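Accompanying notes for the structure given below.
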Amino acid sequence: MSLNQVRVFWPIMGVEMIEHDKINRLEVILKVTERCNIDCTYCYYFNGNNRDYMGQPPYLTVDTAKSLAVYLRNAACSHSIDEIRIDLHGGEPLLMKKAKMSAVLEILRSGVADFTDLTICIQTNATLLDEEWISIFEKYSVSVGVSLDGSPDENDLYRVDKKGKGTHSVVVKAIELLKAANKKSEGIFAGIICVVNPDFDGKKIYRHFVDDLGVERIHFLKANQTRDGADIKLVAGTRKFLLGALNEWINDGNFNIYVRQFTEPLKQLCTSSAPSPCSDRYVAMTVRANGDIAIDDDFRNTLPSLFNLGLNISDSALADFLDRPGVADFHRACGEVSPSCLQCGAREICKNGTGLAESVLHRYSFINKFRNASLFCESHQAIIIRLGQFAISRGVPWSTIERNMAGIRNN
1 MSLNQVRVFW PIMGVEMIEH DKINRLEVIL KVTERCNIDC TYCYYFNGNN
51 RDYMGQPPYL TVDTAKSLAV YLRNAACSHS IDEIRIDLHG GEPLLMKKAK
101 MSAVLEILRS GVADFTDLTI CIQTNATLLD EEWISIFEKY SVSVGVSLDG
151 SPDENDLYRV DKKGKGTHSV VVKAIELLKA ANKKSEGIFA GIICVVNPDF
201 DGKKIYRHFV DDLGVERIHF LKANQTRDGA DIKLVAGTRK FLLGALNEWI
251 NDGNFNIYVR QFTEPLKQLC TSSAPSPCSD RYVAMTVRAN GDIAIDDDFR
301 NTLPSLFNLG LNISDSALAD FLDRPGVADF HRACGEVSPS CLQCGAREIC
351 KNGTGLAESV LHRYSFINKF RNASLFCESH QAIIIRLGQF AISRGVPWST
401 IERNMAGIRN N
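Letter 354 of the sequence shown, counting from 1, is numbered 354 in UniProt numbering, and no numbers are missing.
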């Protein structure tokens with residue numbers, strides 16, 4: 001046992017634990033279903049190179065949920081985890097029967113929440129959402145994110161059902177239910193996730209979300225693409241889309257509307273007191289419907305070997321996952337920074353892309369691994385420059401912005 005490990009006794013379980021290096025935040029992408037009721041043409045999980053879902057059970061079982069609760073509370077104690085976030089994903093999570101979903105949520109809430117700060121979220125296409133589902137999510141404090149890619153003109157080109165019919169009209173009805181529920185249970189509606197299409201108009205889509213749907217929380221999700229094989233059209237189109245949406249957000253001046261890629265970097269640019277260097281340790285993992293463990297699901301088609309680790313929540317611990325050959329190397333590599341990022345004047349706002357809600361996947365290449373700037377580096381620079389111009393127009397001193405971008409700390 002290393003010097004930084006201390007044996008502790010956990011009387012709740014009556015077993016001896018080993019305290020490992022601290023983790024501040026653990027995110028668990030939990031595949032409660034491995035099937036979907038719609039057929040998005042761009043889906044990396046069902047319509048990409050991935051086929052391993054075929055060997056998975058369609059649904060998470062109650063027994064697997066119990067194993068996960070034990071796994072997570074052991075992890076919370078042995079790694080002193082401050083926060084665990086469970087993201088219920090699929091497939092489509094709402095394919096699970098309501099009674100079974102309630103049982104799973106009860107197990108997770110009762111089994112984990114006493115040991116750490118527990119957040120549970122669900123990402124859904126919302127085509128099956130109804131009042132009964134909302135009541136379940138209210139009971140167990142689950143925040144609901146909805147996938148929608150714009151108006152019918154955009155969304156219904158790619159987000160279609162099994163018969164090829166667009167899903168927009170059904171999803172909008174679900175959004176209205178969530179907005180109504182959010183008035184009495186604030187936080188139940190986590191907002192919209194919209195996949196950025198380089199051929200679409202970000203301004204138009206932003207206006208649809210804000211003006212037509214009355215949505216106040218938006219996350220624009222870039223393509224699931226590494227630096228290898230990416231084309232100029234994707235990069236340039238993504239930049240144009242995001243800047244179109246950004247200019248509308250700035251012109252509106254309604255900062256109750258939260259857009260992750262815009263709101264967070266603007267806060268960082270304008271803060272009057274630069275924060276201390278962040279040393280928080282964040283870990284993301286995927287748990288399949290059968291309990292198998294893997295790295296962040298974004299890498300499924302890029303690093304398939306790390307989705308066949310031979311680890312399951314029923315017979316392993318979080319430390320086994322973190323120490324697994326390949327996984328430890330992956331986490332170390334994710335922390336590497338490219339020389340160009342180290343020299344960038346906006347490095348402390350961008351944070352290698354993560355400051356703008358970027359997936360580390362966008363930095364990956366076969367040759368350099370993660371020692372690259374993001375595929376969308378120019379988009380990040382353009383967003384930060386535009387936000388800086390806006391901040392100055394609102395009276396924020398350039399010296400404050402310059403200090404925050406470079407990460408100069410107050411003594």
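From the three backbone atoms N, C-alpha and C, an ideal C-beta is built for every residue, glycine too.
Nothing here was measured: the structure is a model prediction, and the numbers come from that model.
- Counting along the chain, the unbroken alpha helix (DSSP H) around I136 starts and ends at 131-139.
- Note that the stretch 356-374 does not touch the stretch 389-409; fewer than 3 beta-carbon pairs, one per stretch, sit closer than 8 Å.
- Listed in chain order, the non-local C-beta contacts of G244 below 7 Å within the same chain comprise D201, G202, K203, local neighbours out to five positions each way being set aside.
- With contacts defined by Cβ atoms closer than 8 Å, I120 and V146 do not form a contacting pair.
- By the criterion of a C-beta distance shorter than 6 Å, L94 is surrounded in its chain by T124, L128, once the five residues flanking it on both sides are discounted.
- Taking 4 residues as the minimum length, the alpha helix (DSSP H) runs contained wholly in the stretch 239-281 are 260-270, in order along the chain.
- In this structure, the alpha-carbon of D149 lies about 13 Å from that of V215.
- The secondary-structure analysis by DSSP pairs F189 across a beta bridge with V144.
- In the DSSP assignment, I384 falls within the alpha helix (DSSP H) that extends over 377-393.
- T41 sits in coil when the DSSP states are folded into three classes, being neither helix nor strand.
- In this structure I23 touches I81 by the C-beta definition: roughly 5 Å separates them, less than 8 Å.
- Annotation: C121 is outside any alpha helix (DSSP H); the continuous beta strand (DSSP E) that includes it extends over 117-124.
- K222: not part of any alpha helix (DSSP H); DSSP gives it neither H nor E.
- Within a 10 Å sphere around the beta-carbon of V142 sit 16 or more other beta-carbons, which makes this residue buried.
- Scanning I122, P152, G237, L311 for the CA closest to the CA of S169 turns up P152.
- Measuring C-alpha to C-alpha distances from F390 to each of T263, K165, V28 identifies T263 as the nearest.
- With at least 16 other beta carbons inside 10 angstroms of its own, L26 counts as buried.
- Partner residues in the beta bridge of S365, as assigned by DSSP, are K369.
- Contact between the stretch 70-84 and the stretch 32-41 is absent: fewer than three C-beta pairs spanning the two stretches fall below 8 Å.
- If you draw a 10 Å sphere on the C-beta of L178, you find 16 or more other C-beta atoms in it, and that means buried.
- F299 counts as buried, since at least 16 other C-beta atoms from the protein chains shown sit within 10 angstroms of its C-beta.
- Closest option to V196, judged by alpha-carbon separation, among N224, K173, T167: N224.
- A residue is called buried when at least 16 other Cβ atoms come within 10 angstroms of its Cβ; P58 does not meet this threshold and is exposed.
- Two segments are said to touch when three or more pairs of C-beta atoms, one from each, lie closer than 8 Å; by this definition the stretch 109-116 does not touch the stretch 157-168.
- Setting aside the 5 residues that flank it on each side, E378 is surrounded in the same chain by V235, R239, each with a C-beta closer than 8 Å to its C-beta; the list follows chain order.
- Contact annotation, Q261 with A357: C-beta distance approximately 5 Å; criterion of less than 8 Å satisfied.
- Taking the C-beta atoms as reference points, N308 is found no nearer than 8 Å to Q56.
- Between E132 and the set S305, K98, E106, K165, the nearest pair of CA atoms involves K98.
- Residue burial annotation: M54 is exposed, with fewer than 16 other C-beta atoms found within 10 angstroms of its C-beta.
- Bounds of the alpha helix (DSSP H) holding E348 are 347-350.
- Within the same chain, and ignoring the five residues on either side of I384 in sequence, the residues whose Cβ sits closer than 7 Å to its Cβ are P265, A346, I349, C350.
- For V28, the enclosing beta strand (DSSP E) covers residues 25-31.
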